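Chemist: Residue numbers (this note's numbering), protein chains in the order written: chain F, 1 to 152; chain X, 1001 to 1428. Every residue, glycine too, gets a C-beta built ideally from N, C-alpha and C. For clarity, every value in this text was computed on a predicted model and none was experimentally measured.
Following this line, the structure appears as structure tokens:
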């Protein structure tokens, strides 16, 4: 690889170009040659790009991604390989889909607080897990979104 | 005499409990009842222990190979250090704190000072501390302890007591001078921030054994016998804030990238690869803080513990014609330095590079003799840094090579749970 020292007279066209966006996210930026012709009619209407983070993640520091395995939640449209967004800043409510650990295993299930504490699968093949005294149970967080990619 | 800050201050020190071990447990609920330890780079020695591992006791800093049997006997879960995971969780802790408190100084990977001045009116500070503690527990699953006091040194000390004595439930506010005396009297002097073991020995020779005795020492006398710094500590222990919150970290004046090798290196090509990797890492850090380096050193050494061979170590440095942060320029210079000091024969155990005499990119005086770094080079480096941020090690100088025996041993590395799509925790 060439390791020539910095040249004083850098004549490359980059010198005239736009500085690279440090965050690395593409921003729409139209460079018009104004000397002749008409400016772009869209120029005054430029807005930012749509950002999926903004849509899906309300609490960035408290949100974790986990991958779903198996078919125990297919009734809730969570399939093998899907990515779940888990928001730990949310207070878990009755009927929420949550990530919890039961006796040392991490699982995704529907949380039932009534009539008793229970984790319910969304697939009749799997029995519900009643959380009895003496069981090791801890709530990890509330699933706020599911990313199901049709093509990978 | 250090000038005390004139207004009344209030600080909190938030410190994550056994941070690395707690991070390893976050996605492993099966380890909740098991002792956990984390090893240093290269799986050398114990650098973090959870509470259960401390009870056994597994000594801090013990070489891994010496305690292997003990670890096995107690079924301790052993991890290589996973800095991708710790770094991400540390960022989350700091950002969460920034949402909770107006001013935050990131003090280390697992500690932050908060300034709560003004908040003491109309707030119960212990309740506020508990609010911070439970927020971090809920949102990140990480336990923290908090010390609250009118000076940073006292906040550190209160934090130590909050960790040590379970009755405080993780939060101790010592803004009340009477409550403070009790804690100071029970804290050995070497636990005071800035008092090392050596200093503690000298103080003990003067019958200063506890933090309280140090607080009651005469600052002028301490200044004469020791230093201005320790005199300031005395004031701080008396609730006179002399240190303020440093929200902005000064850019580093020196960047070091060095590692012990997984296996001894005797081959020059392997050494060149290692040095090239270290240069890339150091240059990345240099660019992240927008600096250029004027001076560069390379060092190589064999092990001092080798019984069979004599120790060999050497280092060389050079001053660059013009300051640079270009990995290619730095790499070429490092190879020249290596040529100068390389000797066939020794089994090298460690090598590293040091970048010195750093200056900011902006402030650089353009002179006839120091051409500015070309924009082309800057943009190429920015692109490489971006790619490497996404996928560590995807773009590198060809000399670096892909993998060598010299690379780190990380036999017990946990997944990069929070920074790699292909290593997410799985749930059934």
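Below 8 angstroms on the Cβ atoms is my contact criterion, and I expect residue 110/F with residue 76/F to pass it. Report the Cβ-Cβ distance as a whole number of Å.
Modeler: Contact flag correct, Cβ pair sits at about 7 angstroms.
Chemist: Grouping DSSP H, G and I as helix and E and B as strand, with all else coil, what is residue 1111/X?
Modeler: Reduced to three states, the DSSP call for residue 1111/X is strand.
Chemist: Nearest chain X C-beta to residue 68/F closer than 8 angstroms, yes or no?
Modeler: So yes, residue 68/F belongs to the interface.
Chemist: Who are the Cβ neighbours of residue 33/F in its own chain at under 6 angstroms, not counting the five residues just before and after it?
Modeler: Summary for residue 33/F: the model assigns pLDDT 46, below 50, so the residue's position carries little reliability, and this model does not support an answer.
Chemist: At which residue ranges does the region 1093 to 1174 of chain X contain complete beta strand (DSSP E) runs of 3 or more residues, listed in the order of the chain?
Modeler: Runs found: 1103 to 1108, 1111 to 1115, 1144 to 1149 and 1171 to 1173.
Chemist: Of all the CB atoms in chain X, is at least one closer than 8 angstroms to the CB of residue 72/F?
Modeler: Interface residue, yes.
Chemist: Note down, in chain order, all residues in the region 1134 to 1150 of chain X with a beta-carbon under 8 angstroms from any beta-carbon belonging to chain F.
Modeler: From the region 1134 to 1150 of chain X, only 1138, 1139, 1140 and 1141 have a Cβ closer than 8 angstroms to chain F.
Chemist: Taking only the alpha-carbon atoms, compute the straight-line gap between residue 1024/X and residue 1414/X and give it to the nearest angstrom.
Modeler: Residue 1024/X and residue 1414/X: Cα-Cα distance of roughly 8 angstroms.
Chemist: Write down the C-beta distance between residue 1209/X and residue 1189/X rounded to the nearest angstrom, noting that I regard them as a contact closer than 8 angstroms.
Modeler: That pair is a contact at about 6 angstroms.
Chemist: Does residue 1420/X have its Cβ less than 8 angstroms from a Cβ in chain F?
Modeler: No, residue 1420/X lies away from the interface with chain F (no Cβ there is under 8 angstroms from its Cβ).
Chemist: According to the Cβ coordinates, are residue 1338/X and residue 1272/X closer than 8 angstroms?
Modeler: Yes, the Cβ-Cβ distance between residue 1338/X and residue 1272/X is below 8 angstroms.
Chemist: Name the chain X residues that come within less than 8 angstroms of residue 108/F, Cβ to Cβ?
Modeler: Chain X residues near residue 108/F: 1427 and 1428.
Chemist: For the region 108 to 130 of chain F, list every residue whose C-beta sits within 8 angstroms of some C-beta in chain X, in sequence order.
Modeler: Listed by position along the chain: 108.
Chemist: Contact between the region 1071 to 1079 of chain X and the region 1029 to 1049 of chain X: three or more CB pairs below 8 angstroms?
Modeler: In short, these stretches touch, since the Cβ pair count reaches three.
Chemist: Taking the Cβ atom as the reference point for each residue, do residue 1058/X and residue 1037/X lie within a distance shorter than 8 angstroms?
Modeler: Yes, these two residues count as a Cβ contact at 8 angstroms.
Chemist: Where do the ends of the beta strand (DSSP E) carrying residue 138/F lie?
Modeler: It spans 137 to 147 - the beta strand (DSSP E) in which residue 138/F sits, taken as one unbroken run.
Chemist: By how many angstroms is the C-alpha of residue 1257/X removed from the C-alpha of residue 1474/X?
Modeler: Residue numbering for chain X in the displayed model covers 1001 to 1428; residue 1474/X lies beyond these limits and cannot be assessed.
Chemist: So which residues of chain F does residue 1295/X contact, with C-beta pairs closer than 8 angstroms?
Modeler: Neighbours of residue 1295/X on chain F: none; closest Cβ ~16 angstroms, over 8 angstroms.
Chemist: Do three or more CB pairs link the region 115 to 122 of chain F to the region 49 to 63 of chain F at distances below 8 angstroms?
Modeler: Counting Cβ pairs under 8 angstroms, fewer than three are found: no touch.
Chemist: Select from 1422/X, 1410/X, 1424/X and 1426/X the residue whose C-alpha is nearest the C-alpha of residue 1083/X.
Modeler: With distances taken between Cα atoms, residue 1083/X lies closest to 1410/X.
Chemist: Whose Cβ in chain X lies nearer than 9 angstroms to the Cβ of residue 40/F?
Modeler: Within chain X, no residue comes near residue 40/F; the closest Cβ sits about 26 angstroms away, beyond 9 angstroms.
Chemist: Could you check whether residue 68/F and residue 98/F sit closer than 8 angstroms to each other, using their CB atoms as the reference points?
Modeler: Their beta carbons are not under 8 angstroms apart, which means residue 98/F does not touch residue 68/F by this criterion.
Chemist: Just the chain X side, please: which residues come within less than 9 angstroms of residue 79/F by C-beta, in chain order?
Modeler: Ordered by position in chain X, no residue passes the 9 angstroms Cβ test against residue 79/F, which lies about 13 angstroms from the chain.
Chemist: Tell me which same chain residues have a C-beta within less than 6 angstroms of the C-beta of residue 1299/X, skipping the five on either side of it?
Modeler: So the list reads 1315 and 1352, once near-sequence residues are dropped.
Chemist: From the DSSP output, read off the bridge partner residues of residue 106/F.
Modeler: In the DSSP output, where bridge partners are listed per residue, residue 106/F has 101/F.
Chemist: Would you say residue 1096/X and residue 1136/X are within 8 angstroms of each other, going by their C-beta atoms?
Modeler: The answer is yes: Cβ separation under 8 angstroms.
Chemist: Using 8 angstroms as the Cβ pair cut-off and three pairs as the minimum, do the region 1209 to 1224 of chain X and the region 1304 to 1324 of chain X touch?
Modeler: These segments do not touch.
Chemist: Taking the alpha-carbon positions, what's the residue 1330/X to residue 1345/X distance?
Modeler: Going by the C-alpha atoms only, they are around 26 angstroms apart.
Chemist: Report the neighbours of residue 89/F on chain X: residues whose CB is nearer than 7 angstroms to its CB, in chain order.
Modeler: The contacting residues are 1139.
Chemist: Use the C-beta contact count for residue 143/F: other C-beta atoms within 10 angstroms, 16 or more gives buried, fewer gives exposed.
Modeler: That one is buried.
Chemist: Could you pull the start and end residues of the alpha helix (DSSP H) that residue 1257/X belongs to?
Modeler: Element bounds for residue 1257/X: not the alpha helix (DSSP H) but the beta strand (DSSP E), 1255 to 1265.
Chemist: For the structure I just gave you, are there three or more beta carbon pairs, one from the region 1009 to 1019 of chain X and one from the region 132 to 140 of chain F, closer than 8 angstroms?
Modeler: Segments in contact, no.
Chemist: So, residue 1085/X versus residue 1417/X, is the Cβ gap smaller than 8 angstroms?
Modeler: Cβ distance < 8 angstroms, so residue 1085/X and residue 1417/X count as in contact.
Chemist: Determine the burial state of residue 1471/X: buried for a count of at least 16 other Cβ atoms within 10 Å of its Cβ, exposed for fewer.
Modeler: Lying before the first or after the last residue shown, residue 1471/X is absent from chain X, which here runs from 1001 to 1428.
Chemist: What's the C-alpha gap between residue 1341/X and residue 1359/X?
Modeler: Distance between the alpha carbons of residue 1341/X and residue 1359/X is about 27 angstroms.
Chemist: Looking at the secondary structure, which residues open and close the beta strand (DSSP E) in which residue 1350/X lies?
Modeler: Counting along the chain, the beta strand (DSSP E) containing residue 1350/X begins and ends at 1348 to 1360.
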